[in-house]
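Notes follow once the structure below has been shown.
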Amino acid sequence: MLNAFMRWWAERLFELIPARLVDRDALGVDALVVELLGGDGAGVQLSVRRQRRARLLMRTALDQHGLAALRATPRRGLPQRVVLVVPTAMLLERMVVLPAAAEADWRSVLGYEIVRLTPFAAEAVYWSGRLERRDASRGKIGLRLSIVPKAPVAPVIEALAAAGIVPTAIEVMGADGVRVIRMAAAMVETRRRNALHALCGACAALAVLAVALPFLTQARAIWAVDQQIKVLRPVVVRAEALRRRILAGSSSVDVIARERLRVGDPLAVLAAVTGALPDDTYLTELSLRQLHLQLAGQSGAAAPLLAALSANPSLGAVAFAAPVTRDANTHKDLFTIKATIRPAAGAAP
Numbered sequence: 001m002l003n004a005f006m007r008w009w010a011e012r013l014f015e016l017i018p019a020r021l022v023d024r025d026a027l028g029v030d031a032l033v034v035e036l037l038g039g040d041g042a043g044v045q046l047s048v049r050r051q052r053r054a055r056l057l058m059r060t061a062l063d064q065h066g067l068a069a070l071r072a073t074p075r076r077g078l079p080q081r082v083v084l085v086v087p088t089a090m091l092l093e094r095m096v097v098l099p100a101a102a103e104a105d106w107r108s109v110l111g112y113e114i115v116r117l118t119p120f121a122a123e124a125v126y127w128s129g130r131l132e133r134r135d136a137s138r139g140k141i142g143l144r145l146s147i148v149p150k151a152p153v154a155p156v157i158e159a160l161a162a163a164g165i166v167p168t169a170i171e172v173m174g175a176d177g178v179r180v181i182r183m184a185a186a187m188v189e190t191r192r193r194n195a196l197h198a199l200c201g202a203c204a205a206l207a208v209l210a211v212a213l214p215f216l217t218q219a220r221a222i223w224a225v226d227q228q229i230k231v232l233r234p235v236v237v238r239a240e241a242l243r244r245r246i247l248a249g250s251s252s253v254d255v256i257a258r259e260r261l262r263v264g265d266p267l268a269v270l271a272a273v274t275g276a277l278p279d280d281t282y283l284t285e286l287s288l289r290q291l292h293l294q295l296a297g298q299s300g301a302a303a304p305l306l307a308a309l310s311a312n313p314s315l316g317a318v319a320f321a322a323p324v325t326r327d328a329n330t331h332k333d334l335f336t337i338k339a340t341i342r343p344a345a346g347a348a349p
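The sequence shown: position 272 = 272 (the UniProt record's numbering), numbered continuously.
Listed below in structure tokens is the structure:
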């Protein structure tokens with residue numbers, strides 16, 4: 001019980017440390033850099049970065065021989081920090097507008113809203129945020145949300161862990177510079193280190209307080225309590241206002257869900273069509289209006305497409321909208337197919 005209390009106390013003290021002192025991850029910090037080679041992550045390039053200069057150590061595939069070579073790499077003298085560099089194509093970004101009252105704890109609010117702002121759950125991505133602007137006249141703040149899905153990099157991270165290399169941060173090139181996304185291992189290590197420093201400082205403060213406590217009078221204690229109440233009252237008011245705004249904003253999610261039922265979910269329809277069409281078929285046009293779908297494209301054989309699309313339970317009334325013609329140059333069938341989206345396909349997942 002004592003250990004649990006000390007851990008809880010250290011976490012509360014850690015929350016009092018300003019964010020600028022906690023987040024020391026930045027581009028250019030000395031690190032062991034692991035860069036993916038190719039979009040499939042079949043190989044990696046290992047280099048050492050010191051004072052913003054990189055020195056190549058090795059390039060290897062993530063197979064049995066490559067992992068053995070990584071394990072055999074001497075670690076003495078290398079930086080403890082490990083950075084995983086991923087291709088730009090894995091980075092997804094968007095701007096997020098929140099009430100100004102959320103600025104005090106915007107990271108927690110942003111983490112809670114990821115499932116609504118992106119197609120991913122919070123535990124399925126590595127993410128970071130940055131405060132970009134404040135609009136005092138409208139009472140809003142603008143944040144840049146940067147995410148990297150875990151699925152493409154999970155096999156690479158597991159392979160590196162098997163070789164004794166555990167990345168603590170992800171670096172990826174964005175539109176206007178490099179993004180640094182801290183991973184769970186780095187966050188845990190940073191919290192542990194800063195909590196230890198905070199705990200040492202708290203112990204020293206408690207020693208001083210124990211000496212001075214007998215000299216405090218009851219009037220002083222009452223005055224201190226009154227001052228704390230005055231300080232906390234604005235924070236409580238802002239928290240209540242933020243909670244009301246978040247609850248009010250949840251109604252917009254219901255509106256979006258109703259519209260998806262009425263006009264169809266484009267992502268669900270696209271997934272259904274992609275899964276049904278064979279590899280030798282590609283589309284030149286796709287339109288979705290009021291649950292009516294129309295496809296145009298080329299295929300090695302257009303006739304079997306009707307059966308393939310009809311087999312999908314989310315598509316109905318599949319038929320050719322125009323005669324099928326043969327392209328003399330590509331020797332492929334030119335087709336136009338129409339279908340209707342059944343109600344279950346238009347529902348949001």
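Where is the CB? At the ideal position from N, CA and C, for every residue including glycine.
- A check of alpha carbon separations from residue 85 across 43, 94, 64, 75 identifies 43 as the nearest.
- From the listed residues 99, 93, 143, the smallest Cα separation to residue 175 is found for 93.
- Relative to residue 270, the option among 314, 201, 123 whose CA is nearest is 314.
- Around the beta carbon of residue 160, 16 or more other beta carbons lie within 10 angstroms, which makes this residue buried.
- The alpha carbon of residue 55 has as its nearest neighbour, out of 61, 90, 30, 179, the alpha carbon of 30.
- By a beta-carbon distance limit of 8 Å, residue 116 does not contact residue 129. Their separation comes to about 15 Å.
- Beta-bridge partners assigned by DSSP to residue 44: 36, 60.
- Minimum Cα-Cα distance from residue 307 among the listed residues 329, 339, 109, 95 corresponds to 339.
- Proximity to residue 81 across 105, 49, 112, 111 peaks at 49, based on C-alpha coordinates.
- Comparing alpha carbon positions, the residue from 37, 102, 90, 32 closest to residue 240 is 102.
- Shown here, residue 118 sits in coil according to DSSP, grouped into three states, outside any helix or strand.
- The residue among 296, 207, 107, 236 with its C-alpha nearest the C-alpha of residue 127 is 107.
- DSSP places residue 142 inside the beta strand (DSSP E), whose first and last residues are 140-149.
- Sequence-distant partners of residue 275 (beyond 5 residues in either direction) whose C-beta falls short of 6 Å from its own C-beta are missing from its chain.
- Around residue 280, the same chain offers 299, 300 as residues with beta carbons nearer than 7 Å, after the five sequence neighbours per side are excluded.
- A distance of 9 Å or more separates the beta carbons of residue 267 and residue 283.
- With respect to residue 149, residue 125 sits close: the two C-beta atoms are nearer than 9 Å.
- Inside the region 271-313, DSSP marks whole beta strand (DSSP E) runs of 3 or more residues at positions 282-289, 292-299, from first to last along the chain.
- The region 62-70 makes no contact with the region 203-216; the number of CB pairs closer than 8 Å stays below 3.
- Distance from the Cα of residue 91 is smallest, within the candidate group 224, 291, 237, 171, for 171.
- Rounded to whole angstroms, the separation of the alpha carbons of residue 198 and residue 164 is 30 Å.
- Taking the CA atoms as reference points, residue 75 sits about 16 Å from residue 66.
- When DSSP states are grouped into helix, strand and coil, residue 99 belongs to the strand group.
- At a Cβ-Cβ threshold of 9 Å, residue 321 and residue 341 do not count as neighbours.
- When the beta-carbon positions are compared, residue 305 and residue 335 come within less than 9 Å of each other.
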